[in-house]
Structure formats: structure tokens, C-alpha cells
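Asker: Below is a structure I'd like to ask you about.
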Amino acid sequence: MNIYYKIVEDFGFSVEKDIESAKILNDLVENLKNTISLEKVKRIIKDKDVYILGAGPSIFKHRYRIKNPNVVADGACRALLEIGKVPDIIVSDLDGDIEALLECNKKGSVIFVHAHGDNIEKIKKIVPKLKNVVPTHQVPNLKLENLYYFGGFTDGDRACYISYHLGAKKLILGGMDFGDKISKYSRNINKDIDFADKFKKKKLYYAKYLIELLSKKIDIEFLE
């Protein structure tokens, strides 16, 4: 809880907007009934070594080493599609490659759709096109009938927290670099790898911190 409010203060985010977004997603999935039972998703993860793929520069080599079951962060789903793989689970706040997200979803990927204050319009536009949705939010102690709270901040570290809560035995991380560079799967850039801006660097700092906290509760291995 304290970390969430620290992040809100540090980035200038709005708790009220986060709540508004969560309520919109809550109502939307209830009306559409396009969710999947969390118990079904647990069967993919529980008691297994789970591969989690972020969208950092090392994704270009690590995507070839990702095995099932796997969970990918948003834009990393494109990286797997390019080599003929479909992720088991995608964790997304809908700011990545939507075309790739929809293609993976049609081919069976479960989508953990995350609500926050900056993606309200994307939720309204994209969620009706999805199936097998697990809706999530980021406001501690906010209770909504159809939404889950797992913790985490960015898609990458949230994928780790989700896998932990679903009963994973071990997390094996690829494409998680936390440095000063990003890949084209993280942001829409004209080259494979470029330097991260100040905002992105700060997000990566918190992602690294949250994964370090989680490593006290579950075994986490980074691919070399």
C-alpha cells in the first residue's frame, strides 16, 4: 500500500482516476461476460516453473529460451509471435502492440487487463474485442466484484506478482534489464534498441525494486 502511494506521488498520478478506470472495467466485463475463471488460469501456473518475458533489450535472445507455461508483459507478445510462439498469459495495460495482443488472444492467450487512470479510453475500446480476460486494478483496499488486485506496477513486475499469487513454484525471467535502454517491443521506436527517457527509467527502477521484494517470497532466476 505504501509503495502504491509513493508511486502516485512520485509520478503525479491520480488515485481518483485509478478508481474511475477500475470501476469502468468492472462494469464493462460484467456486461460483456468475457472473463475467464481465475481457477482455470491457476491450472496453467500452479506448482510450475513459470517463464516470464519482459520487453527489455535482452528479449531478442531470451525469447528463444522461453518455455511453457509462460507469462509475457504486453508488447513482448509480438516478439513471441514473430518466432511462431503464442504466450499462455499476457499482462497488459493496453499501451503496447494491440494488433499482436488481439492476435494472441484469438489464438488462446489469457489477457490480464489492468485498469489505471491513463487508459480509460483504451479499456472502453479494446476490452469488448477480447475474450478470456482477467481484469485487474492497482488501488490497495479497493473492493470491486469483478476485479482482482495482485500488486506490482509495470506490466513486467506485475506479471511476476500475478504468477506468484497463482501459485508458481519458481519464476524464470527473460527480457528484464532495468537499465537505460529499451527495445522496440517496449515502446514504438524506429530501431530495435534505443535509450530510455527519464520517465521510463523511473518506471524500471520501481519494477526492479518490486521484483526484489518479491524475491523474498519466491525463487526468482534471471536468464543470462
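For the sequence shown, the working numbering puts the final residue at 411, and the numbers step up evenly by one.
Think of the CB as a built atom: it goes at the ideal place given N, C-alpha and C, for glycine as much as any other residue.
1) Per DSSP, what kind of secondary structure is Val273 in: helix, strand or coil?
2) State the CB to CB distance for the pair Pro322 and Ala302, rounded to an integer number of angstroms; the pair is presumed to be in contact (CB under 8 Å).
3) Check for me: the alpha helix (DSSP H) holding Phe337 runs from which residue to which?
4) Helix, strand or coil, according to DSSP, for Val321 in the structure here?
5) For the pair the stretch 278-291 and the stretch 390-403, tell me if three or more CB-CB distances fall below 8 Å.
6) State the Cα-Cα distance for the pair Asn333 and Val300, rounded to the nearest angstrom.
7) Within 10 angstroms of its Cβ, does Leu225 collect 16 or more other Cβ (buried), or is it exposed?
8) If you follow the alpha helix (DSSP H) that Lys312 is part of, which residue opens it and which one closes it?
9) Could you check where the alpha helix (DSSP H) with Ser370 kicks off and where it finishes?
10) If you count every other CB in all the chains shown that lies within 10 Å of the CB of Leu251, and 16 or more means buried, which is it?
11) Identify every residue that forms a DSSP beta bridge with Tyr238.
12) Have a look at Ile231, Ile239, Glu203 and flag the residue whose alpha-carbon is nearest the alpha-carbon of Glu408.
13) Using three-state DSSP, classify Asp160 as helix, strand or coil.
Answerer: According to the structure data:
1) When DSSP states are grouped into helix, strand and coil, Val273 belongs to the coil group.
2) That belief holds up - the Cβ atoms of Pro322 and Ala302 are roughly 7 Å apart, short of 8 Å.
3) Looking at the DSSP string, Phe337 is not in any alpha helix (DSSP H), and its letter there is neither H nor E.
4) strand
5) no
6) 12 Å
7) exposed
8) From DSSP, the alpha helix (DSSP H) with Lys312 extends over 307-313.
9) Element bounds for Ser370: not the alpha helix (DSSP H) but the beta strand (DSSP E), 368-370.
10) Leu is not the amino acid found at residue 251; the sequence shown has Tyr there. Classification for Tyr251: exposed.
11) For Tyr238, which the question treats as bridged, DSSP gives the partners Asn257, Ile359.
12) Ile239
13) What the structure shows of the chain is the stretch from 188 to 411, and residue 160 is not part of that stretch, so it cannot be assessed.
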